[in-house]
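Colleague: Residue numbers (the working numbering): 2 to 155.
Got a structure for you, questions after.
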């Protein structure tokens, strides 16, 4: 499994993250990491209250993104599958959920969930709930951070 993740990261580091590329039609399927938003919740990971999807997989934000545009497309979106919106929050999750439109490489718009102004992603390197292997990685043209509960846009 480590070899697969290493190879995927190598591809991602070499891949394009331009706004013109499209996300995979079924990002995250091969990894088993769900990409639908569902009911988001918080989980404590390394002492921090981290936002997760309904299955407990850590959610991430990408520093180059804006509140209205994802900068992770093409091979980037294969490593960091966008969380499809809309998403809902379970009781006790502070903050604001919304959505943005993103291109999926066709003429259709795909909706991506956002939290406090950050487009949301999962990470293929997280193979089970409660992991945050993507936190503070510098890949695909910027830093990736776990989404902490209540965190605002930076």
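Glycine included, each C-beta is placed from N, C-alpha and C at the ideal position.
Small disclaimer: the values here were computed from a predicted structure and weren't measured.
Do three or more CB pairs link the stretch 77-87 to the stretch 129-144 at distances below 8 Å?
Modeller: They touch, by the three-pair rule.
Colleague: I need the boundaries of the beta strand (DSSP E) containing residue 102, first residue and last residue.
Modeller: By 1-based counting over the chain shown, the position of residue 102 is 101. That run of the beta strand (DSSP E) goes 98-104.
Colleague: Can you give me the C-alpha to C-alpha distance between residue 101 and residue 136, rounded to a whole angstrom?
Modeller: As a first step, residue 101 must be located in the chain shown, where it is residue number 100. As a first step, residue 136 must be located in the chain shown, where it is residue number 135. Taking the straight line from one Cα to the other gives about 23 Å.
Colleague: Taking the Cβ atom as the reference point for each residue, do residue 123 and residue 99 lie within a distance shorter than 9 Å?
Modeller: Numbered from 1 along the chain shown, position 122 holds the residue referred to as residue 123. Numbered from 1 along the chain shown, position 98 holds the residue referred to as residue 99. No. Outside cutoff.
Colleague: What did DSSP end up calling residue 22 once you bin it into helix, strand or coil?
Modeller: For the purposes of this step, residue 22 is identified with residue 21 of the chain shown, where counting begins at 1. Low local confidence applies: a pLDDT of 32 at residue 22 is under 50, so the model's placement there is unreliable, with the coordinate-based value given in what follows. The answer is coil: DSSP assigns residue 22 none of H, G, I, E or B.
Colleague: Under DSSP, the beta strand (DSSP E) around residue 88 begins and ends at which residues?
Modeller: Position 87 of the chain shown, counting from 1, holds the residue named residue 88. Segment 85-90, the beta strand (DSSP E) holding residue 88.
Colleague: Taking just the CA atoms, how far does residue 95 sit from residue 117?
Modeller: Sequence index remark: in the chain shown, residue 117 carries index 116 (1-based). Sequence index remark: in the chain shown, residue 95 carries index 94 (1-based). Each residue's Cα considered, the two are about 9 Å apart.
Colleague: Exposed or buried, what is residue 120 when buried is set at 16 or more other beta-carbons lying within 10 Å of its beta-carbon?
Modeller: Position 119 of the chain shown, counted from the first residue, corresponds to residue 120. With 16 or more other Cβ atoms within 10 Å, it is buried.
Colleague: How far does the beta strand (DSSP E) with residue 49 in it reach, from first residue to last?
Modeller: Position 48 of the chain shown, counted from the first residue, corresponds to residue 49. Per DSSP, residue 49 belongs to the beta strand (DSSP E) from 49-53.
Colleague: So, at 7 Å on beta carbons, what are the nonlocal neighbours of residue 50 in its own chain, with the 5 sequence-adjacent residues on each side left out?
Modeller: Residue mapping note: residue 50 aligns to position 49 of the chain shown, counting from 1. 43, 149, 150, listed in sequence order.
Colleague: Between which two residues does the beta strand (DSSP E) containing residue 122 stretch?
Modeller: One-based indexing of the chain shown puts residue 122 at position 121. Looking at the DSSP string, residue 122 is not in any beta strand (DSSP E), and its letter there is neither H nor E.
Colleague: Give the C-beta separation of residue 111 and residue 85 to the nearest angstrom, bearing in mind that I take them to be a contact with Cβ-Cβ under 8 Å.
Modeller: Locating residue 111 in the chain shown gives position 110, where the first residue counts as 1. Locating residue 85 in the chain shown gives position 84, where the first residue counts as 1. Going by Cβ atoms, the distance from residue 111 to residue 85 rounds to 7 Å, so yes, they are a contact pair.
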